[in-house]
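Right, one structure below, let's go through it.
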Amino acid sequence: MASTSSEQNKKPNEAKSLSLKVKGQDEVEVFYRAKPTTQLSKLMNAYSNRHYFPVAFFFDGHQIRDEDTPESLKMKDGDEIVALIHQTGG
Amino acid sequence: MLLSCWDVSKQSFNIKGHELKFSADDVALLTGLPNTGSLIYWEAEPLTSYTGIQIKNEMKNIKKSTSPDVIVNMYIKFLLSNLFFPNNNYRTPRRLISIAQNIDEFNSYNWAMSIRDFLVNQLDRLAPKYVQDEPLGYMSGFVPLLMIWFLEHTSIRQPALPEARPRFLRWDSNIFLSAVQISQIFKDLRNKQINKSFENVTEEEEKLFAEEFPTPQTFPTHPTLPTQLILSPVHPSSPISPVFHLSGSPEKVEPTYESPKKGAMDSYLQSPKHQIFSPPVPQYSPRIPQLPDESIVKELTEIRAFITILTNELDSVNMRLGRLESKCARIEGNYENLKASFYDLKSSISEQFDAFKSNFLILKPDSEHPSTSAPHEPCDLATTSVPPQPPKHSELATTPAPDQPPKHSELATTSSPDQPAQPADPATTSAPDQPAKPADPATTSVPDQPAKPAEKRVSDEGVLPGEPTSKKAKTSTIASTVKRRTNRTKKAVRTPFTAGKRRLSKKKEADKEKNVIGPKPTDGAKESEVMVDVEAIPYTVTHSSSFMDFKGRDLISETMLNYMDSCFAKYTDKQKTILAAGNVSVSRGEVDELITEQYLSDAHVDAFAYLLAEKNKLFPGLYKTFLYISCLYYSYARENYQDISSLYVKHITRDAVQEADYVMCTLCHDRHWTLLAGVVKGKYWAFFGSLPKDHHKKILNDVIQKLHGDIGQSFDTDIRTWPITYPSGVPTQTNSIDCGMFVCKYMEELVKHGDVDWEQHKNLQDKMTLFRVELAYAILCSLAK
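Chains A and B, in that order, give the protein sequences. Residues 332 to 421 (the working numbering) make up the first sequence, in order. Residues 12 to 796 (the working numbering) make up the second sequence, in order.
Here it is as structure tokens:
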């Protein structure tokens, strides 16, 4: 996304990593470290590749989109992301 | 109808003042299955996805070439799953397969009691719910048996074949009556027609509930047994007597047509064990004289009875086969074990060899020169009165010695004093340096290493640096493998299964390093260690095919198809978001799921609702307005994710409800989609499901309760008081994948037409493929925006 790259250019010095916690529906927590300017799609991709269920990620009452970054969602160090399983049926 | 008479507390039927017990002995009488042996509780068994229908289809596909034990296996499965213990939705318990495989134990179970318990449980469950003239949904179990039981207890009808045994053969296929007929019968039923017990209980029948029963295992096993069973629908309307024509040994079957089979059956049931190897049929005298008049019907039943005998015989043969097979399996298991241990040995040897090779390579530059002097070296040793060979042999002989280090590396680190001493002793003076040398390179004292061999060479001590280590390594490998073998308890045999397990455990360990489970990390430094660094992980792209060959390709226009193809070619990342709006997001992978006829997920249904709402916005006033609640609302509310579930209902405000005609609440419960539509103006709920299953309706009250908690104040009236209606004539699905699409279509029809005449949409199922493709197209179209 153009916006994030511009943000990256603006604050090259503030690349201090945040630690984020992703909590699944089974209460299992996985910790991730990410720069504030990294797209969260990367984190979600890493999480999804380890878990076989399709999941949706929520932070602070919002579903996280691919282009979101910790900065855009105003995440703080140690914040918790909730990963919830999608529903399927036939 | 019988249900209305079922008395749960007494476990009996109450018909016109007469209390009739439905006991296991009755079942034994009706089916001819003995009321002895161990019980099976089907209700508690875990279910498999293997359905009764599949078993049925397998039965139909039996060919001549199928081996008899497979047929028996399948026959038992069929009998149990489709006849005695059919479950709703045709799921079969896992136990079934094990029973079918252990044919030997088949007779040790108490089938009569099991069937009865299963039925009674069902009756207990359903009877309280009984309401006049209302369908109850499915009743599991051997329902036809109840019907026959009822007929046996009353004298309203005369059995078609009064003498046939087991008793279910007495009735022909027209005993299955419609509800109207049954209620008529109940009205006409007079007290005197009810019998407390069965009439004409014959001696051999009493045997069935005696302690011992004739075991088919002891029945003659004949080498020329029929090898083919063909399922023939003699009773097309009833599953009661799956009749088998036996063919394959005509000379065996032929005489049986002439002799009365009733007698054969009786004496079969009474046949003591010592008759084992006598031929079954010809010696039995007819107990009932043949009736020439009604010969055809009579003969049919006789044939049927005899066929049962033959099937039993087949069973016994196959039991023997099964026993043989189990022996074979045991031998095979032993063989597997041997093979596994062989692999074990081989792998450890190669491991050791690799370890040695790497060590050898380190030493190699030094040992190049001495290699020429290697032949001389044994001579040196020989002169020192201790030949090199004996130690080798002695080492080999004493391999299981516990002090022997199992691995070369271990040898290096522990530098065990006993073992290196052995070659050291024969080597005279500078021997103490010798064992130190192979130890050193391994213990990272690299700078020393080249120096020492150099010394060695100068002194020309004779003991080659490479040679003794090789010996040691070799002997230690054998020692270690032997040691490992004795340590079997610790080390499991390696099979493909355990290999998978090991891989799993390795993976788990690796995962553990990354994961921190629970509230463990308090130390910041530690936490960062176990954390997964998102920056470091490459974004892994799972690619979808750039060309999708889906079923509905020829159903849509060429322009649509071209557009879809171009989209598929352009976006191949499975996780690429195609449609994102509000809480709805659909990825490329989910579009693939949609068109390849898979289960629909919440993403699809939400996307459909979103697109429908968008269409509504384009033409305001044309369609009904609706508010949509995603199925995720309830599934998260149920799991107490209040802050997230409230996301899905925050648009249900008072103003929005004022303008809306419908509140559409999709539900996904137990992998099935349903729709709960709230009609705002009419103040009632309408429930739509494409399967007539009751258990999806159970959650409705909870759903409405939860909705009331979150959005109840947006409505004028209490939504909990709205009645729930179940519209009739709603089209239903004929497969197991389309229910999500049906829910979408219910929504669409409601929004388009309000009151829908569902009779016009009977053939909705046929269009499902088209609907799926259309939805996929609409989702892809959002890319163009």
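Just so it is clear, CB atoms sit at the ideal spot from N, CA and C, and this is done for glycine as well.
{"Asked": "Say whether chain A places a C-beta atom closer than 8 Å to the C-beta of Gly751/B.", "Found": "yes"}
{"Asked": "Taking 8 Å as the threshold (C-beta atoms), are Met542/B and Ser372/A in contact?", "Found": "no"}
{"Asked": "How many angstroms separate the CA atom of Arg665/B from the CA atom of Arg564/B?", "Found": "44 Å"}
{"Asked": "Would you mind reading off the limits of the alpha helix (DSSP H) that contains Arg364/A?", "Found": "Not the alpha helix (DSSP H): Arg364/A falls in the beta strand (DSSP E), residues 360–365."}
{"Asked": "Taking C-beta to C-beta, are Gly420/A and Gly700/B nearer than 8 Å?", "Found": "no"}
{"Asked": "Quick one: grab the DSSP three-state call for Gly700/B.", "Found": "strand"}
{"Asked": "Closer than 8 Å between beta carbons: that is the criterion. Which residues of the segment 614–638 of chain B meet it against chain A?", "Found": "Ala614"}
{"Asked": "Applying a beta-carbon distance threshold of less than 9 Å, which residues of chain B neighbour Thr369/A?", "Found": "Val545, Glu546"}
{"Asked": "Between the segment 546–560 of chain B and chain A, which residues of the former have CB atoms less than 7 Å from a CB of the latter, in chain order?", "Found": "Glu546, Ile548, Tyr550, Thr551"}
{"Asked": "May I ask which residues mark the beginning and end of the alpha helix (DSSP H) holding Val762/B?", "Found": "750–764"}
{"Asked": "Taking Ala697/B as the reference, give the member of Ile589/B, Pro738/B, Met779/B with the closest Cα.", "Found": "Pro738/B"}
{"Asked": "Out of Asp397/A, Arg396/A, Phe389/A, point me to the one whose CA is closest to Lys354/A's CA.", "Found": "Phe389/A"}
{"Asked": "Find the residues of chain A that neighbour Asn594/B, judging by a C-beta separation of less than 8 Å, and give them in chain order.", "Found": "Gln394"}
{"Asked": "Distance, Cα to Cα, Gln724/B vs Ala648/B?", "Found": "18 Å"}
{"Asked": "Since His417/A meets chain B, which of its residues come closer than 7 Å, beta carbon to beta carbon?", "Found": "Ser612, Asp613, Ala614"}
{"Asked": "Residue range of the alpha helix (DSSP H) that Ala648/B falls in?", "Found": "642–649"}
{"Asked": "Is the distance from the Cβ of Val83/B to the Cβ of Asn323/B below 8 Å?", "Found": "no"}
{"Asked": "For a cutoff of 8 Å on Cβ pairs, would you count Gln363/B as touching chain A?", "Found": "no"}
{"Asked": "Can you list the residues of chain B that Tyr363/A reaches, using a CB-CB cut of under 7 Å?", "Found": "Met542, Val543, Val545"}
{"Asked": "For a quick check, are the C-beta atoms of Glu546/B and Ala365/A less than 8 Å apart?", "Found": "yes"}
{"Asked": "Mind checking who Cys679/B pairs with in its DSSP beta bridge?", "Found": "Trp684/B"}
{"Asked": "Taking Met559/B as the reference, give the member of Cys679/B, Ser568/B, Glu604/B, Ser598/B with the closest Cα.", "Found": "Glu604/B"}
{"Asked": "Report the residue from Asn651/B, Tyr574/B, Ala620/B, Ser598/B whose alpha carbon sits nearest the alpha carbon of Lys763/B.", "Found": "Ala620/B"}
{"Asked": "For Ser791/B, which of Ile606/B, Ala671/B, Glu362/B has the nearest alpha-carbon?", "Found": "The amino acid occupying residue 791/B in the given sequence is Leu; Ser does not appear at that position. Selected option, being the one with the closest Cα: Ile606/B."}
{"Asked": "Just to confirm my understanding: we take Ile663/B, look at its own chain, exclude 5 residues before and 5 after, and list those with CB closer than 6 Å. What are they?", "Found": "Leu638, Ile722, Ser725"}
{"Asked": "Tell me the DSSP bridge mates of Glu411/A?", "Found": "Lys352/A"}
{"Asked": "Counting C-beta neighbours from all protein chains within 10 Å, is the total for Asp128/B 16 or more, i.e. buried, or is it exposed?", "Found": "buried"}
{"Asked": "For the segment 650–661 of chain B, which residues have a CB atom closer than 8 Å to at least one CB atom of chain A, in sequence order?", "Found": "Glu650, Tyr652, Asp654, Ile655, Ser657, Leu658"}
{"Asked": "Can you give the beta carbon distance from Val754/B to Trp684/B, rounded, assuming they're within the 8 Å contact cut?", "Found": "4 Å"}
{"Asked": "Can you tell me where the beta strand (DSSP E) with Val386/A in it begins and where it stops?", "Found": "386–390"}
{"Asked": "Please confirm whether Thr588/B has its beta-carbon closer than 8 Å to some beta-carbon of chain A.", "Found": "yes"}
{"Asked": "Can you tell me whether DSSP reads Phe637/B as helix, strand or coil?", "Found": "strand"}
{"Asked": "Roughly how many whole angstroms lie between the Cα atoms of Glu310/B and Pro742/B?", "Found": "46 Å"}
{"Asked": "In whole angstroms, give me the CA-to-CA distance for Val386/A and Ser612/B.", "Found": "11 Å"}
{"Asked": "What's the call for Gly740/B, buried or exposed, on a 16-neighbour Cβ count within 10 Å?", "Found": "exposed"}
{"Asked": "May I ask which residues mark the beginning and end of the beta strand (DSSP E) holding Thr588/B?", "Found": "588–592"}
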